[in-house]
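Here the sequence shown is numbered in this note's numbering, starting from 135 and rising by one per residue.
Report on the following structure.
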Amino acid sequence: MLGFPAEAFPGGCGMPVPKRSRSAARALARAGGTVSRDAQEEGVKQVYGEIASAYEVLFPALHRYEERVERFLAAVVAPGARVLDVGCGPGLHTRGLDASIAVVGTDLSEDMLALARTARPGGAWHVHSYHQPIPPDWGRFTVALAIGCLDFCDDLPRVLKHLAEALEPGGKLLFTVLERRPGLDGHEAPVQPIQTAGPAVTLHLYSFEETARAVAEAGLLPRTYAHAPGWVQLTEQRTMWFGWWEVERR
């Protein structure tokens with residue numbers, strides 16, 4: 135979910151695709167096409183921590199999915215529901231939910247979580263990596279979101295299993311992945327290294343077939359699917375396309 139123009143942040147706060155990004159990406163690709171998971175998560179934490187204060191202002195210009203998320207939540211969230219928002223950032227998706235709804239949000243950036251706590255003090259906000267299981271003492275959830283954050287996921291089957299385990303039977307999950315598609319600019323390779331003004335991070339792209347297998351292996355039942363815009367990489371004027379999956383725990 136990267137796309138911020140570096141020139142908008144003179145301090146060099148982790149914005150992707152500055153002038154040296156193409157050569158840096160090629161060099162990283164030659165070195166193996168990705169960074170280690172620990173380095174990736176540290177990089178994501180740094181990037182989003184540095185842009186936290188400006189994120190909400192820039193969100194409408196960059197992202198193409200708020201209405202889709204709102205429709206999903208309106209359809210599946212009932213009074214007394216328990217909602218898990220993975221990669222929640224400042225908590226934009228859940229802050230408008232009724233006070234009777236229990237919200238738990240996770241993110242790698244404590245700066246983002248601080249904003250989420252301010253916006254919805256009654257929520258529970260945790261630093262947590264989705265590559266690790268959801269702690270059982272958080273309870274089970276009727277609804278879960280993972281919107282945009284799986285762009286950085288290097289093991290989709292593992293992560294979807296973690297999310298499935300956190301859902302009650304019949305619980306609903308809306309998640310997105312950057313979808314790999316031949317012939318679609320910027321979407322043809324399984325990894326896309328990005329050199330930010332700070333750390334290097336890697337986008338991971340999955341084909342429809344790979345995602346469908348991961349969904350089935352996690353014990354999730356597909357309900358709806360769409361191939362639709364996700365976010366805009368402003369510096370390259372490129373829209374990054376998501377596979378949108380609404381699934382249900384069996």
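By construction, the Cβ of each residue, glycine as well, lies at the ideal position given by its N, Cα and C atoms.
Under DSSP, the beta strand (DSSP E) around residue i begins and ends at which residues?
i	result
isoleucine 328	325-329
threonine 358	354-367
Mind reading off the beta-carbon distance from residue i to residue j? Whole number of angstroms is fine, and I expect it under 8 Å.
i	j	result
aspartate 232	proline 213	7 Å
valine 335	valine 169	7 Å
threonine 252	glycine 239	With a Cβ gap of about 12 Å, threonine 252 and glycine 239 do not count as contacting.
serine 243	alanine 186	6 Å
leucine 249	arginine 274	That belief does not hold up - the Cβ atoms of leucine 249 and arginine 274 are roughly 26 Å apart, past 8 Å.
threonine 310	glycine 282	6 Å
Any beta carbon of chain D sitting closer than 8 Å to that of residue i?
i	result
valine 335	No chain D appears in the structure shown, which is made up of a single protein chain.
State the beta-bridge partners of residue i as determined by DSSP.
i	result
aspartate 285	Per DSSP, none; premise fails for aspartate 285.
tryptophan 379	Phe309 and Tyr359
threonine 240	Val220 and His260
threonine 98	No answer is possible for residue 98: the residues shown for the chain start at 135 and end at 384.
phenylalanine 275	Leu301
threonine 336	Pro327
Got a sec, what are the start and stop residues for the alpha helix (DSSP H) residue i sits in?
i	result
threonine 252	244-253
aspartate 172	171-196
valine 211	First-last for valine 211: undefined, no H or E at that position.
threonine 393	Look at the range of the chain in this structure, 135 to 384, and you will see that residue 393 is not part of it.
By Cβ distance, which residues of its chain are closer than 6 Å to residue i, with the 5 residues on each side in sequence left out?
i	result
glutamate 351	Pro291
Can you name, in chain order, every residue of its own chain whose Cβ lies under 7 Å from the Cβ of residue i, other than the five neighbours on each side?
i	result
histidine 265	Arg171, Asp289, Arg292 and Val293
methionine 374	Leu312, Gly320, Gly364, Trp365 and Gln367
I'd like the list of long-range same chain contacts for residue i, defined as Cβ closer than 8 Å, with 5 residues on each side in sequence excluded.
i	result
tyrosine 182	Gly148, Tyr189, Gly223, Asp241, Leu242, Ser243, Asp245 and Met246
- Message: For the region 202-211 against the region 183-190, do three or more pairs of beta-carbon atoms, one drawn from each stretch, fall closer than 8 Å, so that the two count as touching?
- Response: Counting Cβ pairs under 8 Å, fewer than three are found: no touch.
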